[in-house]
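Numbering (the numbering used here), first residue to last: 14 to 335.
Note that beta-carbon positions come from the ideal geometry of N, C-alpha and C, so glycine has one too.
Here the structure is a predicted model, which means the values were calculated and not measured.
Beneath this line is the structure, given in structure tokens, with notes to follow.
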């Protein structure tokens, strides 16, 4: 106990702008409570000063998180409750300041808040998309692979770097059940493509998204609809790529035309193909990794930006080997 007391220390931060400090603290200091729980410290705010009490390492990490969030506010970025835990995790695990990551934020027109990376791996992923025409993003669910790729696609469209966006998924999970669903093939697979539509609506005004979809500027379609096409001047995102076969993956990759960019995302631990069927994503990694102009970006449970329990669930399954 005496050693624990000696290891504990207090960090004090003086912040100049009372208005920004109120935003940082959150309603009823809810943001500070989240930092406390994540970093394992005790935080109190009085006047323009924040005090952090805990062991030396934890107090330093919490201080870095608070200073990073405050710097984001000073730079004009918005800080919402969902930013607090990722900012604290970055400070704890990576030693990074969240304000540094905010410099890579994607400014989407019509969206109040830019879309910013929440981990160094996400920031590196965005840089890879900017620098390469073909990027593979491999990692568990909840790491922002597809969402960030779609944000980059919308950003490129708004800057007129490309003329259309194509978002696609293999309709593997629907499988045999497709024939029993009402409507034509598009109506049958639309529920499976719903997550892509949801992400679009989060980035663009609903009416604008609908207009782009109607005019074909944005297309959301199952992977089978890509066969036989050449996609010029386009940003193409293939989601759930672990559920492609090697022949489907080859078909997709050879659709790329001039002035196009493609991002392929997937989780190789969640392959839904029939037993014995090889994954096109795993095969592509084997034969394409190291090819100039192709980037492979990897994510782990450390990059999960969903509920913090998701990280623990992923670790549990990894320990179980399934």
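Requested in this report: Work out the CA separation of residue 40 and residue 294 for me, nearest whole Å.
Outcome: Taking the first residue of the chain shown as position 1, residue 294 is located at position 281. Taking the first residue of the chain shown as position 1, residue 40 is located at position 27. Each residue's CA atom was taken as its position, placing residue 294 and residue 40 some 45 Å apart.
Query - Backbone secondary structure at residue 163 - three-state DSSP - result: As a working note, residue 163 is residue 150 in the chain shown. Note: residue 163 maps to helix in three-state DSSP.
Query raised in the report: Can you check whether the CB of residue 77 is closer than 8 Å to the CB of residue 104?
Result: The residue labelled residue 104 in the question sits at position 91 within the chain shown. The residue labelled residue 77 in the question sits at position 64 within the chain shown. Less than 8 Å divides the Cβ of residue 104 from the Cβ of residue 77.
Query - CB-CB length for residue 121 against residue 168, believed under 8 Å - result: In the chain shown, the residue the question calls residue 121 occupies position 108. In the chain shown, the residue the question calls residue 168 occupies position 155. Contact between residue 121 and residue 168 holds: CB atoms are separated by about 6 Å, below the 8 Å threshold.
Query raised in the report: Which term fits residue 267, buried or exposed, when burial requires 16 or more other beta carbons within 10 angstroms of its beta carbon?
Result: For the purposes of this step, residue 267 is taken as the residue at position 254 of the chain shown. It is exposed - the Cβ of residue 267 has fewer than 16 other Cβ atoms within 10 Å.
Query raised in the report: If residue 177 sits next to residue 231, beta carbons under 8 Å apart, how far is it from one beta carbon to the other, in whole angstroms?
Result: By 1-based counting over the chain shown, the position of residue 177 is 164. By 1-based counting over the chain shown, the position of residue 231 is 218. With a Cβ gap of about 7 Å, residue 177 and residue 231 count as contacting.
Requested in this report: Give the straight-line distance between the Cα atoms of residue 32 and residue 277, rounded to the nearest whole angstrom.
Outcome: Translated into positions along the chain shown, residue 32 becomes position 19. Translated into positions along the chain shown, residue 277 becomes position 264. Approximately 42 Å, taken between the alpha carbons.
**Report entry** Given 8 Å, three or more beta-carbon pairs between the region 67–82 and the region 123–139
**Finding:** Too few Cβ pairs lie closer than 8 Å, so no.
Query - Selection from 254, 172, 141 that minimises the alpha carbon distance to residue 308 - result: Within the chain shown, residue 308 is the residue found at index 295, counting from 1. Closest by alpha carbon: 141.
Report task. Starting from the Cα of residue 154, find the closest Cα among 313, 65, 225, 244 and give me that residue. Result -> Along the chain shown, one-based indexing puts residue 154 at 141. Closest option to residue 154, Cα to Cα, is 313.
Query raised in the report: Skipping 5 residues on each side, what residues in its chain have a beta carbon closer than 8 Å to that of residue 374?
Result: Not covered by the structure: residue 374. The range shown for the chain is 14 to 335.
Requested in this report: Taking 8 Å as the cut-off, decide whether the C-beta atoms of residue 144 and residue 248 are in contact.
Outcome: Stepping through the chain shown from its first residue, residue 144 is reached at position 131. Stepping through the chain shown from its first residue, residue 248 is reached at position 235. Not closer than 8 Å, so no.
Report task. Assuming residue 147 contacts residue 163 (C-beta within less than 8 Å), just tell me the rounded distance between them. Result -> Walking along the chain shown from the start, residue 147 turns up at place 134. Walking along the chain shown from the start, residue 163 turns up at place 150. Between residue 147 and residue 163, the beta carbon gap of about 16 Å keeps them out of contact (Cβ cut-off 8 Å).
Report task. Tell me whether the beta-carbon of residue 97 lies closer than 8 Å to the beta-carbon of residue 61. Result -> For this step, residue 97 is matched to residue 84 along the chain shown. For this step, residue 61 is matched to residue 48 along the chain shown. Going by C-beta atoms, residue 97 is not nearer than 8 Å to residue 61.
Query raised in the report: Is it the case that the Cβ atoms of residue 151 and residue 35 are separated by a distance below 8 Å?
Result: Taking the first residue of the chain shown as 1, we reach residue 151 at position 138. Taking the first residue of the chain shown as 1, we reach residue 35 at position 22. For the pair residue 151 and residue 35, the CB atoms are not nearer than the 8 Å cut-off.
Query raised in the report: Sorted by chain position, which residues of the same chain lie with C-beta nearer than 8 Å to residue 137's C-beta, five sequence neighbours on each side aside?
Result: Residue 137 sits at position 124 when you count from the first residue of the chain shown. Cβ within range, chain order: 310.
Query raised in the report: Out of curiosity, what's the CA-to-CA distance linking residue 240 and residue 304?
Result: For the purposes of this step, residue 240 is taken as the residue at position 227 of the chain shown. For the purposes of this step, residue 304 is taken as the residue at position 291 of the chain shown. When rounded, the distance between both Cα atoms is 24 Å.
Query raised in the report: Looking at the structure shown, is residue 148 part of a helix, part of a strand, or coil, going by DSSP?
Result: Start at 1 with the first residue of the chain shown, and residue 148 comes out as number 135. Secondary structure at residue 148: strand, using DSSP grouped into helix, strand and coil.
Query raised in the report: Are residue 290 and residue 246 touching if we call contact CB-CB under 8 Å?
Result: In the chain shown, residue 290 corresponds to position 277, counting from 1. In the chain shown, residue 246 corresponds to position 233, counting from 1. It is not a contact, given that the beta carbons lie outside the stated cut-off.
Query raised in the report: For residue 51, is the classification buried or exposed, using 16 other Cβ atoms within 10 angstroms of its Cβ as the cut-off for buried?
Result: Position 38 of the chain shown, counted from the start, is the residue given in the question as residue 51. Its Cβ being crowded by 16 or more others within 10 Å, residue 51 is buried.
Query - Contact under 8 Å by Cβ, residue 206 with residue 233 - result: As a working note, residue 206 is residue 193 in the chain shown. As a working note, residue 233 is residue 220 in the chain shown. Remark: C-beta atoms of residue 206 and residue 233 approach each other more closely than 8 Å.
Query raised in the report: Between residue 86 and residue 37, is the Cβ-Cβ spacing less than 8 Å?
Result: Along the chain shown, read from residue 1 onward, the residue named residue 86 stands at position 73. Along the chain shown, read from residue 1 onward, the residue named residue 37 stands at position 24. Yes; because the gap between Cβ atoms is below 8 Å, this pair is in contact.
Report task. Output the distance between the C-alpha atoms of residue 189 and residue 237, rounded to the nearest integer angstrom. Result -> Here residue 189 refers to the residue found at position 176 when the chain shown is read from its first residue. Here residue 237 refers to the residue found at position 224 when the chain shown is read from its first residue. Caution applies to residue 189, whose pLDDT of 37 falls short of 50 and renders its modelled position unreliable; the value that the coordinates give is listed next. Each residue's alpha carbon lies about 15 Å from the other.
Query raised in the report: Which residues mark the beginning and the end of the beta strand (DSSP E) in which residue 157 is found?
Result: Working through the chain shown from its first residue, we reach residue 157 at position 144. For residue 157, no beta strand (DSSP E) encloses it, and the DSSP letter there is neither H nor E.
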